[in-house]
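To keep things clear, I will list the structure first and then write my remarks on it.
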Amino acid sequence: MEYIIEVEDLNVYFDELHILKNINIKIPKNAVTSLIGPSGCGKSTFIRTLNRMNDLISTFRRDGTVLLDGENIYNPKVDVVNLRKRVGMVFQKPNPFPKSIFDNVAYGLRVHGINDKDVLAQKVEEALKSAALWEEVENILEKSAMGLSGGQQQRLCIARTIAVEPDVILMDEPCSALDPISTTKIEDLIHKLKKDYTIIIVTHNMQQATRVSKYTAFFLHGEIVESGKTDQIFLEPTDNRTEDYITGRFG
Amino acid sequence: MYRIIPPKIAQKIMNSIFWASGILTILILVVVIGYVLFKGLPFVSLEFLFSDPIDSGRAGGIFPMIMSSIYVTLIALLLAAPLGVGAAVFLAEYAGENRTVKLIRFGAETLSSIPSIVFGLFGLAFFVVYLGLGWSVLSGGLTLALMALPTVLAASEVSVESINKSYSEGSLALGATKWQTIYKVVIPAAIPGITTGIILGMARAIAEAAAVMYTVGAALLIPTSLMDPARPLPLHLYLLATEGISMDNAWATAAVLVILILIITVSTNTLVDRYRKKMMGR
Chain A
17 MEYIIEVEDL
27 NVYFDELHIL
37 KNINIKIPKN
47 AVTSLIGPSG
57 CGKSTFIRTL
67 NRMNDLISTF
77 RRDGTVLLDG
87 ENIYNPKVDV
97 VNLRKRVGMV
107 FQKPNPFPKS
117 IFDNVAYGLR
127 VHGINDKDVL
137 AQKVEEALKS
147 AALWEEVENI
157 LEKSAMGLSG
167 GQQQRLCIAR
177 TIAVEPDVIL
187 MDEPCSALDP
197 ISTTKIEDLI
207 HKLKKDYTII
217 IVTHNMQQAT
227 RVSKYTAFFL
237 HGEIVESGKT
247 DQIFLEPTDN
257 RTEDYITGRF
267 G
Chain B
16 MYRIIPPKIA
26 QKIMNSIFWA
36 SGILTILILV
46 VVIGYVLFKG
56 LPFVSLEFLF
66 SDPIDSGRAG
76 GIFPMIMSSI
86 YVTLIALLLA
96 APLGVGAAVF
106 LAEYAGENRT
116 VKLIRFGAET
126 LSSIPSIVFG
136 LFGLAFFVVY
146 LGLGWSVLSG
156 GLTLALMALP
166 TVLAASEVSV
176 ESINKSYSEG
186 SLALGATKWQ
196 TIYKVVIPAA
206 IPGITTGIIL
216 GMARAIAEAA
226 AVMYTVGAAL
236 LIPTSLMDPA
246 RPLPLHLYLL
256 ATEGISMDNA
266 WATAAVLVIL
276 ILIITVSTNT
286 LVDRYRKKMM
296 GR
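Residue numbers (this note's numbering), protein chains in the order written: chain A, 17 to 267; chain B, 16 to 297.
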């Protein structure tokens, strides 16, 4: 099996707080991996380590390595801008920019130096189609993205992310602010996207993990208790704590 | 428990107090502006607006004063707006919370509470005399820029600071640099607040008599260069009234000044509202 991300002995601290402890995990390419675990277990911190969003927090420290296609992303020579282009992110709360729908999707492209009108128009359309939003917005591309519903906004954020053609998409509880119908649409979308992208999704919803992901990792108190195929984690967990969590005994 | 005033009655009393304060505030505004317009408008005519003063302003119009006001205010804005917005972005996005930042903020707050006559005196000593700029549009504009700066800075900083951090995160996560994020996402989102700050600073500059009194001179002619002396509207108004030249023309000048400021604030508010609606899709 081909792995796109390999994390080795990763420790993360905020000031003296030891948030992630000795994380070792390999993320398979072009598949969906779910990260589950109770609130505060370090899932979000973990995915923010993968695109170096934690660098924004002044108290962040880490050791260990994160390899993306074999290259350590924490190597001082690595260009963070280029890394984030390759590892996109969708946030918990939809966060479109207060700009037009078109400008939202074109944003990443423009930032990376694409200004040709025809190219932009074509790429924006492709991205919106991939994000299953095109039909709903094709006639209102110039309207503000803030006027869209929450579910549409989240699909717009996904479109915005895939427009820059990343290899990996990190999703931090992308459905937690959405209603069930919007959630279904996002999940369908994840199924559609997994053949082209590696998706890592943090979720609190066990059913969602079983529905969308082939692989799952269970986090607890900053450690990975167990990781592997989703079926195996949910049907035959090897660790009692995993079983307790997925059967709802805590968390 | 025994209550002196039953809650429902208390609610009604408080409602009336809040309503009364609101109405009173509007009333004061209407009365002041109304009175100025009532006293001044009868003497305002196209001729008054577009002709030169005669006999120190006893007769004739105020065209040179209108132009003087526009010039000094524009200079003040051209300097204070970029500097104020730049400093605001620095404070809100780059500086973090340390002693330097606190010092800058404290400095700006203090600056905004210094009486304008003190700015005038400083302008006289520094721009007019020390830099040798003389009594000129430039000296006046520079002095007003100093005065408007803290106003622009404070309002812009609040505005930039209030922009949802999720926008910046979204931008950075797409691989934008910090500067691209500020320039393409944060500032556009903060434009309504920044504009309001600039307009507040501008209103402060255009309405100022004391700060220009010692710095622009009191010429009655239209200034033709930055180094010419001039006489902005508030200064003209002050001279007309204190020197007993013409109370009627003083009121008329006041009316023009008030209308000018109203036009500026109302039109920018409309533009800002339109921009905000477009941006937020409502």
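For every residue, glycine included, the Cβ atom is placed at its ideal position computed from N, Cα and C. Predicted model only: the values in this text are computed from it and were never measured.
By a C-beta neighbour count over all protein chains shown, 10 Å radius and 16 as the cutoff for buried, is GLN26 of chain B buried or exposed? Counting Cβ neighbours within 10 Å, GLN26 of chain B comes out exposed, since fewer than 16 surround it.
Best match in B:PRO21, B:LEU93, B:PHE65 for proximity to GLY76 of chain B [C-alpha to C-alpha]: When each option's Cα is compared against that of GLY76 of chain B, the closest is B:PHE65.
Near-chain B residues of the segment 148-168 of chain A - C-beta to any C-beta below 8 angstroms: Answer set for the segment 148-168 of chain A: LYS159, SER160, ALA161, MET162, GLY163, LEU164.
Short CB-CB distance (under 7 angstroms) between TYR50 of chain B and chain A: Answer no: the Cβ-Cβ gap between TYR50 of chain B and chain A never drops below 7 angstroms.
In whole angstroms, give me the CA-to-CA distance for THR200 of chain A and GLU151 of chain A. For THR200 of chain A and GLU151 of chain A, the gap between their C-alpha atoms comes out near 17 angstroms.
DSSP state of LEU159 of chain B, grouped into three classes? Assigned with DSSP and collapsed to three states, LEU159 of chain B falls in helix.
Cβ pair count under 8 angstroms reaching 3, the segment 210-229 of chain B against the segment 156-175 of chain B: Contact between the segment 210-229 of chain B and the segment 156-175 of chain B is present: three or more C-beta pairs spanning the two stretches fall below 8 angstroms.
For a contact meaning CB atoms closer than 7 angstroms, what does VAL200 of chain B contact in chain A? The contacting residues are PHE113.
Simplified DSSP assignment, three categories, for LEU64 of chain B: Helix, per DSSP.
In the DSSP assignment, find the alpha helix (DSSP H) that holds ILE217 of chain B and state where it starts and stops. According to the sequence provided, residue 217 of chain B is Met. The question's Ile does not apply to it. Per DSSP, MET217 of chain B belongs to the alpha helix (DSSP H) from 202-221.
In the DSSP assignment, find the unbroken alpha helix (DSSP H) run with ILE90 of chain B in it and report its ends. 78-104 is the extent of the alpha helix (DSSP H) around ILE90 of chain B.
Does LYS93 of chain A have its Cβ less than 7 angstroms from a Cβ in chain B? Closer than 7 angstroms to the CB of LYS93 of chain A there is not a single CB belonging to chain B.
I need the DSSP call for LEU186 of chain A, collapsed to helix, strand or coil. It is a strand residue.
What is the rounded straight-line gap between the Cα of GLU62 of chain B and the Cα of ALA74 of chain B? As the crow flies, the alpha-carbon of GLU62 of chain B is around 11 angstroms from that of ALA74 of chain B.
Please list, in chain order, the chain A residues whose beta carbon lies closer than 8 angstroms to that of TYR182 of chain B. Simply ASN111, PHE113, PRO114.
So who's on the other strand from VAL103 of chain A, going by DSSP bridges? BP columns for VAL103 of chain A point to A:VAL184.
Give a yes or no on whether 7 angstroms exceeds the smallest Cβ distance from LYS139 of chain A to chain B. Not one chain B Cβ lies under 7 angstroms of LYS139 of chain A.
Tell me which residues share the same chain as ARG102 of chain A and place their Cβ nearer than 6 angstroms to its Cβ, disregarding the 5 neighbours each side in the sequence. Correct list, in chain order: PRO182, ASP183.
Quick check on LEU161 of chain B - is its C-beta less than 7 angstroms from some C-beta in chain A? No, its Cβ sits nowhere closer than 7 angstroms to a Cβ of chain A.
Using C-beta distances below 8 angstroms, list every residue in its chain close to ALA218 of chain B, excluding the 5 sequence neighbours before and after it, in chain order. The beta carbon of ALA218 of chain B sits closer than 8 angstroms to those of ILE276, ILE279, THR280, all from its chain and outside the five residues before and after it, given in chain order.
Give the range of the alpha helix (DSSP H) segment to which SER269 of chain B is assigned. What sits at residue 269 of chain B in the sequence shown is Ala, not Ser. Note, ALA269 of chain B: alpha helix (DSSP H), 262-295.
Identity of the residue in A:GLU32, A:GLY86, A:GLY53, A:ASN38 nearest LYS45 of chain A by Cα: Out of A:GLU32, A:GLY86, A:GLY53, A:ASN38, A:GLY86 has the C-alpha closest to the C-alpha of LYS45 of chain A.
Taking only beta-carbon atoms, is GLN26 of chain B less than 7 angstroms away from chain A? Output row for GLN26 of chain B: interface = no.
Please compile the residues from chain B whose C-beta is within a distance smaller than 9 angstroms of the C-beta of MET187 of chain A. Neighbours of MET187 of chain A on chain B: none; closest Cβ ~11 angstroms, over 9 angstroms.
Quick one: does the C-beta of VAL152 of chain B sit closer than 6 angstroms to a heavy atom of the ligand ZN? Among the components modelled here there is no ligand, and therefore nothing to report on the ligand ZN.
Pairs of beta-carbons, one from the segment 156-165 of chain A and one from the segment 111-128 of chain A, closer than 8 angstroms: are there three or more? With a cut-off of 8 angstroms, the segment 111-128 of chain A and the segment 156-165 of chain A count as touching, because enough Cβ pairs lie within range.
Can you tell which of B:VAL59, B:ALA234, B:ASP288, B:SER181 has the C-alpha that lies nearest to the C-alpha of ASN264 of chain B? When each option's Cα is compared against that of ASN264 of chain B, the closest is B:VAL59.
Helix, strand or coil: which one does DSSP assign to HIS207 of chain A? In the three-state reduction of the DSSP assignment, HIS207 of chain A falls in the helix class.
7 angstroms Cβ cut-off: residues of chain A touching ALA191 of chain B: At a C-beta separation below 7 angstroms, ALA191 of chain B has these neighbours in chain A: VAL127.
Which same chain residues, not among the five before or five after LEU215 of chain B, have their C-beta less than 7 angstroms away from its C-beta? Leaving aside the five residues that flank LEU215 of chain B on each side, the residues in its chain whose CB is nearer than 7 angstroms to its CB run, in chain order, THR166, ALA170.
Looking at chain B, is there any beta carbon in it that lies within less than 7 angstroms of the beta carbon of VAL28 of chain A? No, VAL28 of chain A lies away from the interface with chain B (no Cβ there is under 7 angstroms from its Cβ).
Based on Cα-Cα distance, which residue from A:LEU236, A:ILE206, A:VAL241 lies nearest to LYS230 of chain A? Comparing Cα positions, the closest option is A:ILE206.
How should ASN113 of chain B be labelled, buried or exposed, when 16 other C-beta atoms within 10 angstroms of its C-beta is the threshold for buried? By the neighbour-count rule (16 or more Cβ atoms within 10 Å), ASN113 of chain B is not buried but exposed.
Taking only three categories from DSSP, how would you classify GLU124 of chain B? DSSP places GLU124 of chain B in helix when its eight states are reduced to three.
Rounded to whole angstroms, what's the CA-CA distance from GLU22 of chain A to ALA204 of chain B? Just pull it up for me. Each residue's Cα considered, the two are about 38 angstroms apart.
Is the CB of VAL97 of chain A under 7 angstroms away from at least one CB in chain B? Answer yes: the Cβ-Cβ gap between VAL97 of chain A and chain B drops below 7 angstroms somewhere.
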